[in-house]
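*Asks:*
Protein chains: 2
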Amino acid sequence: MSAIIPNSFVGGDKGQWRVTKMHTVVGDSLPYASYVTVAEGHLSKENTTEAAWVLRGSKTHARYSTRVEVEQLNARQAPLGRVEADCARLIPICKNSEWWSMPQDERRKIFEEESGHTAISMPYLPTIARRLFHAREMGEPFDFLTWFEYSKENESFFEELLLKLRSSREWQFISREIDIHLEKVS
Amino acid sequence: MSAIIPNSFVGGDKGQWRVTKMHTVVGDSLPYASYVTVAEGHLSKENTTEAAWVLRGSKTHARYSTRVEVEQLNARQAPLGRVEADCARLIPICKNSEWWSMPQDERRKIFEEESGHTAISMPYLPTIARRLFHAREMGEPFDFLTWFEYSKENESFFEELLLKLRSSREWQFISREIDIHLEKVS
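Which chain is which? The protein sequence lines are A and B, in order.
Residue numbers for the first sequence follow the numbering used here, beginning at 1 and rising by one.
Residue numbers for the second sequence follow the numbering used here, beginning at 1001 and rising by one.
1) Determine, using beta carbons only, whether ALA33 (chain A) and LYS184 (chain A) come nearer to each other than 9 Å.
2) Among residues of its own chain, excluding the 5 on either side of ARG1169 (chain B), which ones have a beta-carbon nearer than 7 Å to its beta-carbon?
3) Report all residues from its chain with a CB closer than 6 Å to the CB of PHE1148 (chain B); omit the five preceding and five following residues, and keep chain order.
4) Give a yes or no on whether the C-beta atoms belonging to THR1118 (chain B) and SER1065 (chain B) are separated by under 9 Å.
5) By Cβ distance, which residues of its chain are closer than 7 Å to SER151 (chain A), with the 5 residues on each side in sequence left out?
6) Quick one: residues in its chain with C-beta nearer than 7 Å to the C-beta of LYS1045 (chain B), no 5 flanking neighbours on either side, listed in chain order?
7) For MET1 (chain A), does the count of other Cβ atoms within 10 angstroms reach 16, so buried, or fall short, so exposed?
8) Leaving out five residues on either side along the sequence, give the residues of the same chain with a beta carbon under 7 Å from the beta carbon of GLU177 (chain A).
9) Report yes if the CB atom of ASN7 (chain A) is closer than 9 Å to the CB atom of PHE144 (chain A), and no otherwise.
10) Expressed to the nearest angstrom, what Euclidean distance is found between the alpha-carbon atoms of ARG56 (chain A) and SER1156 (chain B)?
11) What's the C-alpha gap between LEU165 (chain A) and GLY41 (chain A)?
12) Are the beta-carbon atoms belonging to MET1102 (chain B) and ARG67 (chain A) less than 9 Å from one another?
13) Would a check of beta-carbon distances place GLN1104 (chain B) closer than 9 Å to chain A?
14) Quick check on the burial criterion: 16 or more other C-beta atoms within 10 angstroms. Buried or exposed for GLN1016 (chain B)?
15) Run down chain A in chain order and give the residues with a C-beta less than 7 Å from the C-beta of HIS1042 (chain B).
16) Taking the straight line between their C-alpha atoms, what separation do you get for TRP99 (chain A) and PHE173 (chain A)?
17) Given a limit of 7 Å on CB to CB distance, which residues of the segment 1038-1068 of chain B reach chain A?
18) How is MET1 (chain A) classed by DSSP in three states: helix, strand or coil?
19) When the cut-off is 9 Å and only beta carbons count, does GLU1170 (chain B) lie next to chain A?
20) Between ALA1182 (chain B) and VAL1070 (chain B), is the Cβ-Cβ spacing less than 9 Å?
21) At 7 Å on the CB atoms, spell out the chain A contacts of ARG1136 (chain B), in chain order.
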């Protein structure tokens, strides 16, 4: 749980996941890719022939959650790679300079006490499986790569979660967000 | 203040800083280098001919400090590169899996309420200038690269700070620490 998991998302013309929609929510867009491959490690664009883009990040430690929240999340959350999870979403995100110039206590207050990030998300677990990859200190174009897996029949349930999060105060600090809809290649 | 600053420390047989001592405080050692070059960006070992090692990190945002602590630090701290600062210390550090598996509230409590990391350090500013580079999510061998600059006459004052920090509860979670003593090449 405490070791980092380096990960790369490769957008190109083949992969395990087919892109059904790419939507720029806010900020600069990302070139279109037909497929996404999820790979362990930090791949460079040079290693990946004909990739439209390579987004790299690492699963590391929780940045805002308290012990109580971590235990609640651990008790409810589902693993990635469930057979029934035929849909995924890759949502790369940047927060703005106002967010990053705030100290920890103020970011935490907005994240949870004002926006209820964990509280809002909790009822959507374990139906939605999720993993967060950090990328900011790597100097990557996005601060976070968020990855979600669910079955097709729960798509509207997932959209409901996104709508709630995007209406929160925390989302006023989002400067770039790309919403990439994916279906598992059978 | 909110933009990240990617940085590399290159250990080799030439550079702006001459190594006067390399001491492994805990954990695996690092190969000896006679000089250290401080460079902007994330250099790869392939780009740096004849380097013994390249340690990369990024100055990012504060992880534990509250608004009050950040304001106190900003009011007291000195910039890097002062003419009189002819000594430096590069101290790469790893924390253990027990540390990283703790949620934010518990890490904060140990960092400040129990160990007084900021409170202990405050009287040593601005005599000691410091900058912290994060490297954990990059998958680098160290979690942090800490850099200090001071004048030769303040060396024992700096040693006093190190002694206090190394006696704190926080330091019980340090699994690797290399202390690299440096003098500016005139």
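Even for Gly, the Cβ is constructed at its ideal location relative to N, Cα and C.
*Replies:* Answer, in terms of the structure:
1) Contact flag unset, no.
2) Counting only Cβ-Cβ distances below 7 Å, and skipping sequence neighbours, we find ILE1110, GLU1114, SER1115.
3) Correct list, in chain order: ARG1089, ILE1128, ARG1130.
4) In this structure, SER1065 (chain B) lies closer than 9 Å to THR1118 (chain B) by Cβ.
5) Excluding residues within five positions, the ones whose Cβ falls inside 7 Å are GLU84, ALA85, ASP86, CYS87.
6) The answer, listed in chain order, is ALA1051, VAL1054.
7) Because MET1 (chain A) carries a pLDDT of 46, less than 50, the predicted location of this residue cannot be relied on, and no value is offered for it.
8) The residues are VAL25, VAL26, GLY27, ILE91, ILE93.
9) Cβ atoms of ASN7 (chain A) and PHE144 (chain A): not closer than 9 Å.
10) Distance between the alpha carbons of ARG56 (chain A) and SER1156 (chain B): 43 Å.
11) When rounded, the distance between both Cα atoms is 29 Å.
12) The answer is yes: Cβ separation under 9 Å.
13) By this cut-off, GLN1104 (chain B) is an interface position.
14) Exposed: under 16 other Cβ atoms inside 10 Å.
15) Going along chain A in sequence order, the residues near HIS1042 (chain B) (Cβ under 7 Å) are GLY139.
16) The C-alpha of PHE173 (chain A) is placed about 6 Å away from the C-alpha of TRP99 (chain A).
17) Flagged, chain order: HIS1042, SER1058, THR1060, HIS1061, ALA1062, ARG1063, TYR1064, SER1065, THR1066, ARG1067.
18) The predicted position of MET1 (chain A) is uncertain, since its pLDDT is 46 and thus under 50; a value taken from the coordinates is nonetheless stated next. Three-state result, MET1 (chain A): coil.
19) Contact with chain A is absent for GLU1170 (chain B), since none of that chain's Cβ atoms lies less than 9 Å from the residue's Cβ.
20) Before going further, note that residue 1182 (chain B) is Leu rather than Ala in the sequence given. No, these two residues do not count as a Cβ contact at 9 Å.
21) Per Cβ cutoff of 7 Å: ILE4, THR60.
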